[in-house]
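Chemist: Protein chains in written order, with the numbering used here: chain A, 102 to 489; chain B, 102 to 489; chain C, 102 to 489; chain D, 102 to 489. Quick reminder that beta carbons are idealized off the backbone N, C-alpha and C, glycines included.
Number of protein chains: 4
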Amino acid sequence: MTDRIPRSKDNDNTVEMGEARRDFVKQRTGVNLEHVGSFSFDPAITAGNIENFIGVAQVPMGLAGPLLVNGEHAQGDFYVPMATAEGTLVASYNRGMRLLREAGGVTVSVVDDAMQRAPVFVFENARQARDFGNWIDEHFDEIRQAAESTTRSGKLRNIEKYAAARMLYLRFNFTTGDAAGQNMVGKATFVACEWIKANNPMVEKYILSGAMDTDKKHSTLNTLHTRGKRVIAEATIPNALLKSIMGVDSETLFKMRSITQVGSFMAGSVNTGAHSANGITAVFMATGQDVANVAESSAAIMFVDVNAAGDYYISITIPSMIVATYGGGTGLATQKECLEMLGCYGKGKVRKLAEIIGATVLAGEISLSSAVLAGDWVTSHDALGRNR
Amino acid sequence: MTDRIPRSKDNDNTVEMGEARRDFVKQRTGVNLEHVGSFSFDPAITAGNIENFIGVAQVPMGLAGPLLVNGEHAQGDFYVPMATAEGTLVASYNRGMRLLREAGGVTVSVVDDAMQRAPVFVFENARQARDFGNWIDEHFDEIRQAAESTTRSGKLRNIEKYAAARMLYLRFNFTTGDAAGQNMVGKATFVACEWIKANNPMVEKYILSGAMDTDKKHSTLNTLHTRGKRVIAEATIPNALLKSIMGVDSETLFKMRSITQVGSFMAGSVNTGAHSANGITAVFMATGQDVANVAESSAAIMFVDVNAAGDYYISITIPSMIVATYGGGTGLATQKECLEMLGCYGKGKVRKLAEIIGATVLAGEISLSSAVLAGDWVTSHDALGRNR
Amino acid sequence: MTDRIPRSKDNDNTVEMGEARRDFVKQRTGVNLEHVGSFSFDPAITAGNIENFIGVAQVPMGLAGPLLVNGEHAQGDFYVPMATAEGTLVASYNRGMRLLREAGGVTVSVVDDAMQRAPVFVFENARQARDFGNWIDEHFDEIRQAAESTTRSGKLRNIEKYAAARMLYLRFNFTTGDAAGQNMVGKATFVACEWIKANNPMVEKYILSGAMDTDKKHSTLNTLHTRGKRVIAEATIPNALLKSIMGVDSETLFKMRSITQVGSFMAGSVNTGAHSANGITAVFMATGQDVANVAESSAAIMFVDVNAAGDYYISITIPSMIVATYGGGTGLATQKECLEMLGCYGKGKVRKLAEIIGATVLAGEISLSSAVLAGDWVTSHDALGRNR
Amino acid sequence: MTDRIPRSKDNDNTVEMGEARRDFVKQRTGVNLEHVGSFSFDPAITAGNIENFIGVAQVPMGLAGPLLVNGEHAQGDFYVPMATAEGTLVASYNRGMRLLREAGGVTVSVVDDAMQRAPVFVFENARQARDFGNWIDEHFDEIRQAAESTTRSGKLRNIEKYAAARMLYLRFNFTTGDAAGQNMVGKATFVACEWIKANNPMVEKYILSGAMDTDKKHSTLNTLHTRGKRVIAEATIPNALLKSIMGVDSETLFKMRSITQVGSFMAGSVNTGAHSANGITAVFMATGQDVANVAESSAAIMFVDVNAAGDYYISITIPSMIVATYGGGTGLATQKECLEMLGCYGKGKVRKLAEIIGATVLAGEISLSSAVLAGDWVTSHDALGRNR
């Protein structure tokens, strides 16, 4: 019996090849992948999304909403599909959405937009690297032309420069339309670097990533300069509403924040909020996003205030939300349906989706932080979750 | 028409209620959730995993392997299910697995194990907080007893103390058997805190999380003191093999690491490796893990060396891998199958699973870092992915 | 003419050798080091403090106070010598001291105490490194005995363990009496490591510093686990007093903090306070501390609150204040006088000094943060400084 | 007896007033500040540098060199004055200078230059803050004009923008000639902000520092975008020389770096080198720099390599070296002499000084890292220091 996974050179994303591989798994491990093999679409649509296709993970999906969004692109009520296996998660976000809707909804804004590839160039010494940096500035237009020759939707916005030792680390910032764009900018930057190499006699060696794109990795640099969309969701919640729905008051919540900020700082945490990763992951899984980007997208900055009337201003800033409504997994069967139910499938929709996710996250923040204070955090997991 | 999502008080995780909610979505948005409604299991099994169940996300799954693991719990060849929509991901991990197998396999070790809840206690001044810390040390046995009274598998290992201002931040470290354990330790810590409050007259106020558990958030603290399992995967790859399969040599790879470490440091990146989040997310989705934990689990430390013979030692240290083989989503339909095909379903299996995931991650690290250097990074995305 | 700096093998810290070297400087550079050569003590006292002695830097010193300290070791009014060349610095700290004294003084506590040397041991693989860690725990008493054999005042408190790749990083924590102790613990750890090497057959290679002592470098690890003294200074300032002396009110100050915390987080700043380095450096220079430790000692955590009466609680937590009242530069001429005027020269005084410095820092924090808000920050530099 | 420190309204920086205050100290504490009162200059020169002048700290100064610098501004041999009380420090730097000189000297480059003040503006919501950011870009010329109206040497280079919640954090980057420039840019930014407030109707509230200047505080932002001068010092040291002078070889040093990088990363250290703070502090104290800036200036990035011939490339990148040759303490008695002996006093000299300090730091890095490996680290402190 071979240990080699079956594979068809010509046409591998088919029902037959999926079955052949599940049979192979059964032979090798004795396990019948019955449910994995239960899917409702033609595997041909997964070409470009998966290799060695064997079927699907069926991840439970719940519905939360209505979520009232006052965005520049998303406006009105939305019902949000959330895929997760964590009990209480949907219920908690749902509760937050109810509160925020009664408070008048969530104002969300996309304030920045950039996707990166960050090559590094190595020179004889630091001085040469510095001079190369000046050369880059002088030739920006040509570099942009080279980069953009590879893509219709990618636009080179600017190139950041970071110097250390005899290296110059560049960070190419692109806008990428409705795609997440990591591959698009990888290719564009590669072509730009080849142009640079061909035109600058000082350049002998470069590496296409010098680790300052921090792809699939959080970094302070992302928090500062954005990766994907920089999304800010805000709401002002009347204190009376907080008390009646959440059982906490604005002043107590505000003071708690002040104390947890210190814990967060000491820990060296990359997120001063409560649990944005939960909401982001659940919507990412439902809508065909690259879920590994939770690594970057889970960074957040919470800021709250109490206004003169005693009402609670709460905001979450997500500096690296990487989303797409086109390309990647967005066209897959359940994923496309979920995007469509949000009115977010296809071209011209990516900022709308970013706003909806931002608003969703805010709902989870107010819900969990209230629960921690009100003391019903543990009891709700007892009631709804697998806390047994 | 109501804007309220239908919900049954008695029995909500049913085929009928799922259908009722999909109908509701259709009424509200015009979208027919046909594929979302296509699942192969009885929704009753999702009780405790999801609220407002509407169906499933069908995430494409591919197969990678064989992966040769020399663990203390996982030993021999494994075929790894990976759920993702990112083209080339499975192929890239697969290539790394082939290389590592020819090199003799991956040595993986779980070197630490802890799950946290981190309450904060507030006092009149710093001195009182310090004295309270001493009291905690003196009463550790009683606190442990209180905490462990709530759980069969959770064991209180130790309590860390962090002082700032008039607060004392505690970090309760538990082992949690085969469960991930976040809820388990939340409840145990709550009961312990109530015991503390009842028995220490100085205590007036505490918050169950002072943000030093950094739940769903990366932190330097996690990198230092572990959250979940601390997993280290290592391999030594003959230089000849590197050259023939990857088209790069050990010395060049080693030098590249040295340069990217500087980029990583300047960026303030939380991961000095290549893209561990990709492999972790794909296996997490396939095996019913809490995928939001990618926020924490995506931190990593890469360390490489070239030995006297010119061979390449490569290792990845994952300080916060949060995994379970029991509880959470592990018993769901496709998820259980995937755990079973790894021989990792149920009690006594969690370290085995951690080892397999650790080895998987290492395969991805060597594959991507070679591709970046060999220059086939962009071209492979062109061939396999949606780089179009 | 030789380019070699004159040096006497037998007795180099003398008036004559200082003069010989100043003459040498004059020959080589044409500059007459008249003032550098003006000092008031016998250079013999600098043996062990400086090599190639040529004289002194005369750093201007100002006096601030009275500073009212409610410490466990420092109690009552103190006049604080501050050496600096930055106009307005002494005036600003002085203003803060006046405010704090009228508010009843500063409560200061030393809540932790540890000095480190952190060797790293390298093994064949991670599993061996982990087992070595267990061995360390089992042999702690013998290791302590070996370490403490080299010193009268150093006591080995505990050994932290951090695992990555095939290395185990240890962090030896000592208390060091009234000395800062870096050299003392270096020697003690060296002897301990040699004992370990002699007694554990697995050990082949270690490096005396694996960079986790972060000597002369700030680290999150220091903020978490203390380096030197962990000092917390606190005060509650009546709102009326704030308004009359500082021209700001507690609520406005509190809100400003909330906004600057966000800036501090985004920047990846290691200090959430205002400018603790100013006060620390000035007292360190005056009292013979190792001023390079400002690198570590300048980390700080500010926490403020407004109580029910509207009064302002302000605190500063300094997690890595490295101070000495014995050894190092504490016995030098002006340095000893300054320690004496604080009642802090010699044995049994180090916590008293830590408390006084902590209180001094708090005075500067309230003074500068008020000035920024009240708008007299720029104007005071115009009046007192070299802002011209 | 009054507790008030004597002060003259008219002329306070005088011999008499210094004496009056020392008498006051004697009355209050019983301590005779004999040495503090021994200085060699007219206190009038300290006006603008110190308030409540009482005398000087006499900090021992040693001489290191010759240091061979291949800078763009500093060229040839230099003798470096170092003020410190830490035994072995001067000897260690001296040893490194000898090695580097035999290796052909240190190439040093200043690759960036910026001093900041970073105000924050608060709006009704994030969208308004974003629009304000665009307004800033459009009015950059007028803002620059307003800023530069306050200073002859300060030039506004650019304004960075960072968005979070409803705030926009600006970071004004200036070049400041030969001054360190913190006060200069504070005033210039204040005037610019007042112009903005007067001309943009959206602006109601701003704070002159939103904590993103990270004045007297290290931050990742500084490491990325420079504060003061960004200085890179490099050298290539023949392996034979390393062995003969340091007793270590390039390969072993290189491998050690790789291991300590991991420790540095886990610790969350802000400096991947050995002890740059030591050299920086010692030269800062000698030459009249603002020593509190060690907080920022002590960050560093070390990068090393071994070339084909086996020789050792070593570099240190100091991203935030804040130095001046004009203003501040540079004109004081001993400080001016020390600047003069380096040929660095006054206008047009600041980059030369930065280069010399950068080269000095490199000498310390190679010296200490060799000592750690060669095992003579502890023994040298025994011989030269107060390790007794």
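For residue 161 (chain D), does the count of other Cβ atoms within 10 angstroms reach 16, so buried, or fall short, so exposed?
Modeler: Against the fourth sequence, residue 161 (chain D) aligns to sequence position 60. Residue 161 (chain D) should be labelled buried.
Chemist: Alpha carbon to alpha carbon, how far is residue 169 (chain B) from residue 120 (chain A)? Give it in angstroms, no decimals.
Modeler: Locating residue 120 (chain A) in the first sequence gives position 19, where the first residue counts as 1. Locating residue 169 (chain B) in the second sequence gives position 68, where the first residue counts as 1. Near 24 Å, if we compare the C-alpha coordinates of residue 169 (chain B) and residue 120 (chain A).
Chemist: For residue 351 (chain A), which of helix, strand or coil comes out of DSSP?
Modeler: Numbered from its first residue, the first sequence carries residue 351 (chain A) at position 250. Helix at residue 351 (chain A).
Chemist: Taking a cut of 9 Å between CB atoms, which residues from the region 294 to 328 of chain C lie near chain D?
Modeler: The residues in question are 308, 309, 310, 311, 312, 313, 314, 315, 316, 317, 318, 319, 320, 321, 322, 323, 324, 325.
Chemist: Skipping 5 residues on each side, what residues in its chain have a beta carbon closer than 6 Å to that of residue 374 (chain A)?
Modeler: For the purposes of this step, residue 374 (chain A) is identified with residue 273 of the first sequence, where counting begins at 1. Excluding sequence neighbours, residue 374 (chain A) sits near 401, 403, 417, 466.
Chemist: Looking only at C-alpha atoms, which of B:464, B:154, B:309, B:187 sits nearest to residue 203 (chain B)?
Modeler: Along the second sequence, one-based indexing puts residue 203 (chain B) at 102. Checked all of B:464, B:154, B:309, B:187; the closest Cα to residue 203 (chain B) is B:464.
Chemist: Please report whether the beta-carbon of residue 214 (chain A) lies at a distance below 8 Å from any beta-carbon of chain D.
Modeler: As a first step, residue 214 (chain A) must be located in the first sequence, where it is residue number 113. It does not: the Cβ of residue 214 (chain A) has no partner Cβ on chain D nearer than 8 Å.
Chemist: Note down the Cα distance separating residue 263 (chain D) from residue 287 (chain A), rounded to an integer number of angstroms.
Modeler: Within the fourth sequence, residue 263 (chain D) is the residue found at index 162, counting from 1. Within the first sequence, residue 287 (chain A) is the residue found at index 186, counting from 1. Whole-angstrom Cα-Cα distance: 26 Å.
Chemist: Buried or exposed: which applies to residue 456 (chain C), given that a residue is buried once 16 or more other Cβ atoms fall within 10 Å of its Cβ?
Modeler: Position 355 of the third sequence, counting from 1, holds the residue named residue 456 (chain C). Under this definition residue 456 (chain C) is a buried residue.
Chemist: Given 8 Å as the limit, is there contact between the region 272 to 279 of chain A and the region 212 to 225 of chain A, that is, 3 or more CB pairs closer than that?
Modeler: They touch, by the three-pair rule.
Chemist: Do the CB positions of residue 426 (chain B) and residue 459 (chain B) come within less than 8 Å of each other?
Modeler: Here residue 426 (chain B) refers to the residue found at position 325 when the second sequence is read from its first residue. Here residue 459 (chain B) refers to the residue found at position 358 when the second sequence is read from its first residue. No, Cβ-Cβ distance for residue 426 (chain B) and residue 459 (chain B) is not below 8 Å.
Chemist: May I ask you to list, following chain order, the residues of the region 364 to 383 of chain B that have a beta carbon less than 7 Å from some beta carbon of chain A?
Modeler: The residues in question are 364, 365, 367, 368, 369, 370, 371, 372, 376, 378, 379, 382.
Chemist: Short of 6 Å in beta carbon distance, which residues of its chain neighbour residue 338 (chain C), apart from the five on each side in sequence? Order them along the chain.
Modeler: Start at 1 with the first residue of the third sequence, and residue 338 (chain C) comes out as number 237. Around residue 338 (chain C): 204, 413.
Chemist: Once DSSP output is grouped into helix, strand and coil, what is the label at residue 385 (chain B)?
Modeler: Along the second sequence, read from residue 1 onward, the residue named residue 385 (chain B) stands at position 284. Note: residue 385 (chain B) maps to helix in three-state DSSP.
Chemist: The region 178 to 189 of chain D: which residues have C-beta closer than 9 Å to a C-beta of chain C, in chain order?
Modeler: The residues in question are 178, 179, 180, 182, 183, 184, 185, 186, 187, 188, 189.
Chemist: Would you list the one or two residues that DSSP bridges to residue 275 (chain A)?
Modeler: Position 174 of the first sequence holds residue 275 (chain A). Answer by DSSP bridge pairing, in chain order: A:216, A:257.
Chemist: Check the Cβ of residue 420 (chain C) against every Cβ in chain G and list those closer than 8 Å, keeping chain order.
Modeler: This model lacks chain G altogether, as its protein chains are A, B, C and D.
Chemist: Does the CB of residue 470 (chain C) have a neighbour CB from chain A at under 8 Å?
Modeler: Locating residue 470 (chain C) in the third sequence gives position 369, counting from the first residue. No, no contact with chain A.
Chemist: Could you compute how far the alpha carbon of residue 488 (chain D) sits from the alpha carbon of residue 253 (chain C)?
Modeler: Stepping through the fourth sequence from its first residue, residue 488 (chain D) is reached at position 387. Stepping through the third sequence from its first residue, residue 253 (chain C) is reached at position 152. Any reading at residue 488 (chain D) must be qualified, since the residue scores a pLDDT of 43, below 50, and its modelled position is unreliable; no value is offered.
Chemist: In three-state DSSP terms, what is residue 159 (chain C)?
Modeler: For the purposes of this step, residue 159 (chain C) is taken as residue 58 along the third sequence, with counting starting at 1. Note: residue 159 (chain C) maps to strand in three-state DSSP.
Chemist: So, does the region 295 to 311 of chain C touch the region 381 to 396 of chain C, judging by three or more C-beta pairs under 8 Å?
Modeler: The region 295 to 311 of chain C is not in contact with the region 381 to 396 of chain C.
Chemist: Which of helix, strand or coil does DSSP assign to residue 468 (chain C)?
Modeler: Position 367 of the third sequence, counted from the first residue, corresponds to residue 468 (chain C). Correct three-state label for residue 468 (chain C): helix.
Chemist: Taking 8 Å as the CB-CB limit, is residue 278 (chain D) close to chain C?
Modeler: What you label residue 278 (chain D) is simply residue 177 of the fourth sequence in a count that begins at 1. Taking Cβ atoms only, chain C never reaches closer than 8 Å to residue 278 (chain D), which makes this a no.
Chemist: Identify the residues that DSSP records as bridge partners of residue 209 (chain B): which are they?
Modeler: Walking along the second sequence from the start, residue 209 (chain B) turns up at place 108. For residue 209 (chain B), which the question treats as bridged, DSSP gives the partners B:334.
Chemist: What residues match up with residue 107 (chain D) in a beta bridge as DSSP calls it?
Modeler: On the fourth sequence, residue 107 (chain D) is found 6 positions in, with the first residue counted as 1. DSSP output for residue 107 (chain D) lists no bridge partner at all.
Chemist: Kindly list, in the order they appear in chain D, the residues whose Cβ is closer than 7 Å to that of residue 217 (chain B).
Modeler: Taking the second sequence and counting its residues from 1, the one referred to as residue 217 (chain B) is at position 116. Under the 7 Å cutoff, chain D gives no residues; its nearest Cβ is about 18 Å from residue 217 (chain B).
Chemist: Anything in chain B within Cβ reach of residue 362 (chain D), meaning under 9 Å, just list it in chain order.
Modeler: Stepping through the fourth sequence from its first residue, residue 362 (chain D) is reached at position 261. Correct list: 359, 362, 366, 373, 404.
Chemist: From the DSSP output, read off the bridge partner residues of residue 176 (chain B).
Modeler: Sequence index remark: in the second sequence, residue 176 (chain B) carries index 75 (1-based). B:171.
Chemist: Determine whether the Cβ of residue 263 (chain B) lies closer than 8 Å to any Cβ atom of chain C.
Modeler: Along the second sequence, one-based indexing puts residue 263 (chain B) at 162. Yes - at least one Cβ of chain C is within 8 Å of the one on residue 263 (chain B).
Chemist: Nearest-angstrom Cα distance between residue 319 (chain C) and residue 193 (chain D)?
Modeler: In the third sequence, counting from the first residue as 1, residue 319 (chain C) sits at position 218. In the fourth sequence, counting from the first residue as 1, residue 193 (chain D) sits at position 92. Residue 319 (chain C) and residue 193 (chain D): Cα-Cα distance of roughly 22 Å.
Chemist: Residue 208 (chain B) versus chain C: which residues are under 7 Å apart at the beta carbon?
Modeler: Reading the second sequence from its first residue, position 107 is the one you call residue 208 (chain B). What residue 208 (chain B) touches in chain C: 226.
Chemist: Using a threshold of 8 Å, state whether the C-beta atoms of residue 154 (chain B) and residue 114 (chain B) are closer than that.
Modeler: Walking along the second sequence from the start, residue 154 (chain B) turns up at place 53. Walking along the second sequence from the start, residue 114 (chain B) turns up at place 13. Taking 8 Å as the Cβ cut-off, residue 154 (chain B) and residue 114 (chain B) qualify as a contacting pair.
Chemist: Mapping DSSP to helix, strand and coil, what is residue 224 (chain C)?
Modeler: By one-based count along the third sequence, residue 224 (chain C) stands at place 123. Coil at residue 224 (chain C), not helix or strand.
Chemist: Which of the three DSSP states, helix, strand or coil, is assigned to residue 404 (chain A)?
Modeler: The residue given as residue 404 (chain A) occupies position 303 in the first sequence. The answer is strand: DSSP assigns residue 404 (chain A) an E or B state.
Chemist: Would you say residue 347 (chain D) faces chain C, with C-beta separation under 8 Å as the test?
Modeler: As a first step, residue 347 (chain D) is located in the fourth sequence; it is residue number 246 there, counting from the start. Not closer than 8 Å to any Cβ of chain C, the Cβ of residue 347 (chain D) fails to qualify, so no.
Chemist: Do you know offhand how far residue 122 (chain B)'s Cα is from residue 250 (chain B)'s?
Modeler: As a working note, residue 122 (chain B) is residue 21 in the second sequence. As a working note, residue 250 (chain B) is residue 149 in the second sequence. Whole-angstrom Cα-Cα distance: 40 Å.
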